[in-house]
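>
If you want it as structure tokens, here you go:
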């Protein structure tokens, strides 16, 4: 009996140390990495951050909901703890297909990362972080890895840890988790810099089995996700890091103080990876020279991820902070020098909400991947001012110039189709060939549209900060009320 107790304690200790609990399925029963299909593998679906899944949603009936619970996070030594429910910004689920079955990967404020059956909302496994999980993960398959458990991983960030502070020696707020079992593979230390954050909200961009990621400490890091190359460092198994680049200048500290936080995910166009920094810069990292060689300075805090358009341009969300003018959205042509790259600017109204002063916090939505070549290319912009704006991103409004963020330079502005009263929002909208889905603190809004006519089909009154995805006739979205929802039309 004593021997059995010792064995039980050892098994329990191993599970607690690895941070995961797993279902009854054995690793041998899972399909190979070659037979798995990533339907949504990263924030906004691809390296252009402009894909949200395939399907058409007609209603917002609750098909199932999964309890994401609640968890404690520490704002600072001075401000103390807060209790958060559900999931927040960016909080988008990932989706994987295994044969005929589909599964979701979802981070939550209860400190866990979950694998969930997309058909019925059943939990497969969960892994526990040291703090709330806010951002969206990235999936990566290593088809050459003989260790099946490590052949498909989820790379996921979290806040810095409820028992950590900014000056803690080591903050492993970015980790790799086995997709199959929920077991930890490696963890990455986010070191102390001039930034006042050591969280990780962003999603990695994977290109040729190398990962590119902006950390909230203001470092753009280039690393290998491959566990075979990981090594013990600072008392933990860490991935091999090839490069680190600062996403701020020393002069930015005078204006922003410690708010040098990078929350946006990197996007790729041609031979450059672009990332918006909280220091006020849109940086372009050259994959050939392995240097940052493009820098468009705006000056505001920027949290939204850059979206790549079908005409090879960048759509950049601009928050109203540290600037004289209004926040809004830039369209930039990065084939030109930064000073000549602006195609248009779309300002929104100043509206203070929570700690924000206005502008656009979240990532814009575009329909470029969902329409024919001759179709109208639309951008959906959800703003803090209570509206979602629909503009034609390839057409300039006649005889209209608007002031930019500096309040000194005037720019062209795109044609505005309509503005819809969807409430204050920081979530990223979905716009396809005939549907618009907007999530805000006032709920989820489902529109159909044809040409310039947008019709509200349904509304569900749950507060949302996270970003949704679609699959078939289902919408998947995490909310601040504590639940992950599967929505659609009940049979």
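Numbering (the numbering used here), first residue to last: 176 to 666.
A virtual CB, placed ideally from N, CA and C, is assigned to each residue, including glycine.
What you are looking at is a predicted structure, and each value in this text was computed from that prediction instead of being measured.
#1: Do residue 310 and residue 377 count as a contact pair if the criterion is CB distance below 8 Å?
#2: Assuming residue 427 is part of the alpha helix (DSSP H), what are its boundary residues?
#3: Return the chain-ordered list of same chain residues with a C-beta closer than 8 Å to the C-beta of residue 419, the five sequence neighbours on each side being excluded.
#4: Return the CA-CA distance between residue 265 and residue 256, expressed in angstroms with no decimal places.
#5: Counting Cβ pairs, one atom from each stretch, are 3 or more of them under 8 Å apart for the segment 399-417 and the segment 446-456?
#6: Between the Cα of residue 537 and those of 563, 473, 375, spot the shortest distance and give me the residue it belongs to.
#7: How long is the line joining the alpha carbons of residue 370 and residue 439, rounded to whole angstroms?
#8: Ignore the nearest five residues each way along the sequence and tell me which others in residue 618's own chain have a CB closer than 8 Å to its CB.
#9: Please give me, in chain order, every unbroken run of the beta strand (DSSP E) with length at least 3 that falls completely inside the segment 371-407.
#10: Please report the Cβ distance between residue 213 and residue 314, rounded to the nearest whole angstrom; I am assuming they are in contact, meaning their Cβ atoms lie under 8 Å.
#11: Can you tell me which residues form a DSSP beta bridge with residue 601?
#12: On the premise that residue 382 lies in contact with residue 430, defined as a C-beta separation below 8 Å, what is that separation, rounded to the nearest angstrom?
#13: In chain order, what residues of the same chain have a beta carbon less than 6 Å from the beta carbon of residue 272, not counting five sequence neighbours either side?
#14: Could you tell me the distance, in whole angstroms, from the CA atom of residue 373 to the CA atom of residue 349?
#15: Taking 8 Å as the threshold, find out whether the segment 638-657 comes into contact with the segment 214-225 through three or more Cβ pairs.
#16: Using a 10 Å radius around the Cβ and a threshold of 16 neighbouring Cβ atoms, would you call residue 340 buried or exposed?
#17: Buried or exposed, going by whether 16 or more other CB atoms sit within 10 Å of the CB of residue 297?
#18: Go ahead and label residue 603 buried or exposed: buried means 16 or more other beta carbons lie within 10 angstroms of its beta carbon, across all protein chains shown.
#19: On the CB-based measure, 16 or more other CB atoms within 10 Å of its CB, does residue 285 come out buried or exposed?
#20: In the segment 469-557, which residue ranges form an unbroken alpha helix (DSSP H) of at least 4 residues, counting only runs that do not cross its ends?
#21: Using only the alpha-carbon positions, how far apart do residue 319 and residue 329 sit?
#22: Which of the three DSSP states, helix, strand or coil, is assigned to residue 594?
#23: Decide if the segment 510-519 is in contact with the segment 461-472; the criterion is three or more beta carbon pairs, one per stretch, under 8 Å apart.
#24: In the structure shown, what three-state DSSP assignment does residue 209 receive?
#25: For residue 204, which of helix, strand or coil comes out of DSSP?
#26: Look up residue 260 in the DSSP assignment and say whether it is helix, strand or coil.
#27: So, with DSSP's three-state summary, where would you put residue 157?
#28: If residue 443 and residue 380 are in contact, beta carbons under 8 Å, what's the gap, nearest whole angstrom?
#29: Can you tell me whether residue 417 is helix, strand or coil according to DSSP?
#30: By DSSP, does residue 235 sit in helix, in strand, or in coil?
#31: Under 8 Å between the Cβ atoms of residue 654 and residue 261?
#32: Compute the minimum distance between the beta carbon of residue 442 and the heavy atoms of the ligand GTP, and state whether it is under 7 Å.
#33: In terms of residue numbering, what span does the beta strand (DSSP E) encompassing residue 281 cover?
#34: Within its chain, find whatever has a CB closer than 7 Å to the CB of residue 433; leave out the 5 residues flanking it on each side and keep chain order.
#35: Just tell me which of 559, 281, 303, 415 has its CA closest to the CA of residue 530.
#36: What residue range does the beta strand (DSSP E) around residue 362 cover?
Looking at the atomic coordinates:
#1: As a working note, residue 377 is residue 202 in the chain shown. As a working note, residue 310 is residue 135 in the chain shown. Yes, the Cβ-Cβ distance between residue 377 and residue 310 is below 8 Å.
#2: Translated into the one-based positions of the chain shown, residue 427 becomes position 252. Element bounds for residue 427: 425-431.
#3: As a position in the chain shown, residue 419 is number 244, starting the count at 1. These residues qualify, in order along the chain: 394, 395, 396, 397.
#4: As a working mapping, residue 265 is identified with position 90 in the chain shown. As a working mapping, residue 256 is identified with position 81 in the chain shown. If I take the Cα positions, the gap works out to 21 Å.
#5: Segment contact: the segment 399-417 against the segment 446-456, fewer than three CB-CB distances shorter than 8 Å; contact not assigned.
#6: Counting from one through the chain shown, the residue named residue 537 turns up at place 362. Nearest option by C-alpha distance: 563.
#7: Taking the chain shown and counting its residues from 1, the one referred to as residue 370 is at position 195. Taking the chain shown and counting its residues from 1, the one referred to as residue 439 is at position 264. Their backbone Cα atoms lie some 15 Å apart in a straight line.
#8: To locate residue 618, count along the chain shown from 1; it is residue 443. 598, 634, 635, 636, 637, 638, 639.
#9: Within the segment 371-407, the complete beta strand (DSSP E) runs of at least 3 residues fall at 380-382, 385-389, 394-398.
#10: Indexing the chain shown from 1 puts residue 213 at position 38. Indexing the chain shown from 1 puts residue 314 at position 139. Right, the Cβ-Cβ distance comes to about 5 Å (below 8 Å), so this counts as a contact.
#11: Residue mapping note: residue 601 aligns to position 426 of the chain shown, counting from 1. Beta-bridge partners of residue 601 (DSSP): none assigned.
#12: Position 255 of the chain shown, counted from the start, is the residue given in the question as residue 430. Position 207 of the chain shown, counted from the start, is the residue given in the question as residue 382. That pair is no contact at about 32 Å.
#13: Along the chain shown, one-based indexing puts residue 272 at 97. The answer, listed in chain order, is 212, 214.
#14: Numbered from 1 along the chain shown, position 198 holds the residue referred to as residue 373. Numbered from 1 along the chain shown, position 174 holds the residue referred to as residue 349. Computed Cα separation, rounded: 10 Å.
#15: yes
#16: Along the chain shown, read from residue 1 onward, the residue named residue 340 stands at position 165. Under this definition residue 340 is an exposed residue.
#17: Taking the chain shown and counting its residues from 1, one reaches residue 297 at position 122. The residue in question, residue 297, is exposed, as its Cβ has fewer than 16 Cβ neighbours within 10 Å.
#18: Along the chain shown, read from residue 1 onward, the residue named residue 603 stands at position 428. Looking at its Cβ environment, which holds 16 or more other Cβ atoms inside 10 Å, residue 603 is buried.
#19: By 1-based counting over the chain shown, the position of residue 285 is 110. With 16 or more Cβ atoms within 10 Å of its Cβ, residue 285 is classed as buried.
#20: none
#21: Looking up residue 319 in the chain shown gives position 144. Looking up residue 329 in the chain shown gives position 154. Looking at the two C-alpha atoms, the distance is approximately 17 Å.
#22: Residue 594 sits at position 419 when you count from the first residue of the chain shown. If DSSP states are grouped into helix, strand and coil, residue 594 belongs with the strands.
#23: yes
#24: As a working mapping, residue 209 is identified with position 34 in the chain shown. Of the three classes helix, strand and coil, the one that applies to residue 209 here is helix, per DSSP.
#25: Counted from its first residue, the chain shown places residue 204 at position 29. Of the three classes helix, strand and coil, the one that applies to residue 204 here is helix, per DSSP.
#26: Taking the chain shown and counting its residues from 1, the one referred to as residue 260 is at position 85. Correct three-state label for residue 260: strand.
#27: Outside the shown range of the chain (176 to 666) lies residue 157, about which nothing can therefore be said.
#28: Position 268 of the chain shown, counted from the first residue, corresponds to residue 443. Position 205 of the chain shown, counted from the first residue, corresponds to residue 380. The Cβ separation is near 6 Å, so the contact holds.
#29: Stepping through the chain shown from its first residue, residue 417 is reached at position 242. Three-state result, residue 417: strand.
#30: As a first step, residue 235 must be located in the chain shown, where it is residue number 60. Residue 235: coil per DSSP, three-state reduction.
#31: Numbered from its first residue, the chain shown carries residue 654 at position 479. Numbered from its first residue, the chain shown carries residue 261 at position 86. Yes; because the gap between Cβ atoms is below 8 Å, this pair is in contact.
#32: The model depicted lacks the ligand GTP and carries no ligand whatsoever.
#33: In the chain shown, residue 281 corresponds to position 106, counting from 1. From DSSP, the beta strand (DSSP E) with residue 281 extends over 276-282.
#34: As a first step, residue 433 is located in the chain shown; it is residue number 258 there, counting from the start. Within the same chain, residue 433 has close Cβ partners 369, 370, 371.
#35: Residue mapping note: residue 530 aligns to position 355 of the chain shown, counting from 1. Of the listed residues, the one whose Cα sits closest to residue 530 is 559.
#36: Locating residue 362 in the chain shown gives position 187, counting from the first residue. Unbroken beta strand (DSSP E) run through residue 362: 359-363.
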